[in-house]
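Accompanying notes for the structure given below.
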Amino acid sequence: MGAVLVDPGLAPTRRPCRLVYTSRPMESDTPLVEPHTPARSDASVPGPGSVLAERYRLIERVGHGGMGTIWRGEHLALGTPVAIKLINPALVDDPDARDRFVREARAAATIRSPHVVQIFDYGVDDGTPYIAMELLEGESLAERLQRAGALAPEVTLRILTHVLRAITKAHEEGVVHRDLKPANVFLVEDDGAEIAKVLDFGVAKGLDGARLGTTTNTGMVLGTPHYMSPEQMMRSGTVDTQVDLWAVAIIAYECLLGRRPFEAQTLGELTVAVLVEAAPVPSQQGDVPAGFDAWFARATDRDPTRRFADATLMLEALEAALRGDGSALTLA
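Here it is, written out as C-alpha cells:
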C-alpha cells in the first residue's frame, strides 16, 4: 500500500451546478459538476525537488484529480514527512475553485479528531495555493470495497464508528461535509489497529455563520449524486447536517452488500430513484444483520425530520442494528 491522501475528485472538478434531468451516462463516483474550461495553464508547475514557501520540499506526486495534485513532501526545518496538495494550475485563476480550496483547509483545520485528516498549514507560493497535511499510508474505503467486496458487519461498524465520530466533531464545529462517500474515507494503520479518517472538505458548508469561505450560489448543488440526500439533490429547504447522515446510510448499505442502494445509468434516472422510488430493503438484497433493515429505513426516510436527529444517535442505533437488535428504531 502506498502513501496516498489522493484527491478523491478523480475526474471533473467539483463546480456548482444546477440539478437537471439528463440522459447523460453517469460514471461510478463522479461528482455533480459543470464542465470547466481551464482559465490558464502554467508551464512552471512545481515538480520534484521544488520548494514551497521556503518550508516544504516536494518529493513525488502520489495522486491527482480535477481539483489538484497530492505530493509526498517534507518539512525542511523539521525533516518530517507531509502531504502537500497543490491546486490544479488550470484553476489558479478561478475564484470559486480557490475559495473551495481555502474552505477545505479551513474546515478540516477546525475539527480536532483523530478521524479527520490533520491540516498543518495553508499558503500561497508564487501564486499557487497549497495545503500541507498529514501523510497517510493505506487505502480508501472505495479501494477496499472494490478489492474485497462486501465487508463483515463488525468491520463495517468499526469504520462507520470512526466516520460518525468525525462527523459528530465536524457538526459540533458547525461544519457540514456534504460529500461523504467511500473515496473520502481513508483507512490507515495506527499502532497495529486500523482507523478511518475523513478527507476532502472542499465542498463543506458552515452552519450558523461558521466562516469557511464564500458560500455557493443559491440553487446550486455540490456533492456526488449516489450519496446525496433528496433535499441535497433538489436544494429544497436548508441543507444541513442531515445530508451527511444520509450519506453515511448509503455507505453502510454499500459496505454490507457490496453495492449502492440506488443505481442508474443517467443522472435523471438516479434522481427519480432517490426522490420517488422505494428504497430497497437490505435483507432482500443480501445477508445483513436482522436490525439493519429498520435502521436503514429510518436513516433514508425522505422526510429529514423522521431520520436520526444527529450522528451520535445514528451510531448508537447502528451498533444495535448490527448486533441484530430491533431497538434501532426506538432511539429518538
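Under the numbering used here, the first residue of the sequence shown carries the number 1, and numbering increases by one thereafter.
Cβ atoms here follow ideal geometry from the backbone N, Cα and C, with glycine treated the same way.
Under DSSP, the beta strand (DSSP E) around I70 begins and ends at which residues?
G68 to H75
Keeping to the same chain, check which residues put their C-beta closer than 7 Å to that of T300; ignore five residues upstream and five downstream.
W246, A249 and A279.
Could you check whether the stretch 223-232 touches the stretch 143-158, counting it as contact only if at least three pairs of C-beta atoms, one from each stretch, sit closer than 8 Å?
no
Count the other CB atoms within 10 Å of the CB of A152; is the residue buried (16 or more) or exposed (fewer)?
exposed
Taking the alpha helix (DSSP H) that K169 falls in, what are its first and last residues?
P153 to E172
Write down the C-beta distance between A108 and V116 rounded to the nearest angstrom, noting that I regard them as a contact closer than 8 Å.
Going by Cβ atoms, the distance from A108 to V116 rounds to 6 Å, so yes, they are a contact pair.
Tell me where the beta strand (DSSP E) around S140 begins and ends.
G138 to S140
Specify, as a first and last residue, the run of the beta strand (DSSP E) that A264 falls within.
Taken as a continuous stretch (DSSP letters only), A264 belongs to no beta strand (DSSP E), as it is neither H nor E.
Can you confirm whether T241, when its beta carbon is compared against all beta carbons of chain D, has any partner nearer than 8 Å?
Here chain D cannot be found, since the structure has a single protein chain.
Sort A170, D190 and D179 by Cα distance to G138 and report the nearest one.
D190
According to DSSP, is R298 helix, strand or coil?
helix
According to the neighbour-count rule (16 or more other Cβ atoms, all chains shown, within 10 Å of its Cβ), is T305 buried or exposed?
Exposed, because fewer than 16 other Cβ atoms sit within 10 Å of the Cβ of T305.
If I measure Cβ to Cβ from V288 and keep anything under 8 Å in the same chain, skipping five residues before and after, which residues do I get?
P153, L256, L257 and P282
Using only the alpha-carbon positions, how far apart do T59 and V51 sit?
Contrary to the premise, residue 59 reads as Ile rather than Thr in this sequence. So the two alpha carbons sit approximately 10 Å from each other.
To the nearest angstrom, how far is the alpha carbon of A294 from that of G123?
47 Å
Just curious, the alpha helix (DSSP H) that V62 is in, first and last residue?
Unbroken run through V62 is the beta strand (DSSP E), Y56 to H64; no alpha helix (DSSP H).
When DSSP labels each residue in this structure, what does F308 get in the three-state scheme?
coil
Given this structure, state the Cα-to-Cα distance separating K169 from T161, to the nearest angstrom.
12 Å
According to DSSP, simplified to helix, strand and coil, what is D93?
coil
For V185, does the count of other Cβ atoms within 10 angstroms reach 16, so buried, or fall short, so exposed?
buried
Assuming A196 and V163 make a contact with CB atoms under 8 Å, what is their CB distance in whole Å?
Contact holds; Cβ gap of about 6 Å.
Just reading off the beta strand (DSSP E) that L245 is part of, what are its end residues?
Run containing L245: none in the beta strand (DSSP E); it sits in the alpha helix (DSSP H), Q242 to L257.
For L334 versus P230, is the C-beta distance shorter than 8 Å?
This structure gives no information on residue 334, because the portion of the chain shown stretches from 1 to 332.
Is it true that the CB of P114 sits closer than 8 Å to the CB of S140?
Not a contact, by the Cβ cut-off of 8 Å.
Looking at the structure shown, is T216 part of a helix, part of a strand, or coil, going by DSSP?
Because T216 carries a pLDDT of 45, less than 50, the predicted location of this residue cannot be relied on, and the following value inherits that uncertainty. The three-state secondary structure of T216, taken from DSSP, is coil.
Under three-state DSSP, which class holds A125?
The sequence given here places Asp at residue 125; Ala does not occur at that position. Three-state DSSP puts D125 in a strand.
Excluding the 5 residues flanking R112 on each side, which residues of the same chain have their C-beta closer than 7 Å to its C-beta?
Taking R112 as the centre and dropping the five residues before and after it, the same chain places the C-beta of K169 closer than 7 Å to its C-beta, in chain order.
Measuring alpha carbon to alpha carbon, tell me which residue in R144, V92, A83 and D96 is nearest F120.
A83
What residue range does the beta strand (DSSP E) around E289 cover?
First, the amino acid is wrong: residue 289 is Pro here, not Glu. For P289, no beta strand (DSSP E) run applies, since DSSP gives it neither H nor E.
If you compare alpha carbons, which of T128, V45 and Y253 is closest to A321?
Y253
Under 8 Å between the Cβ atoms of G63 and L86?
no
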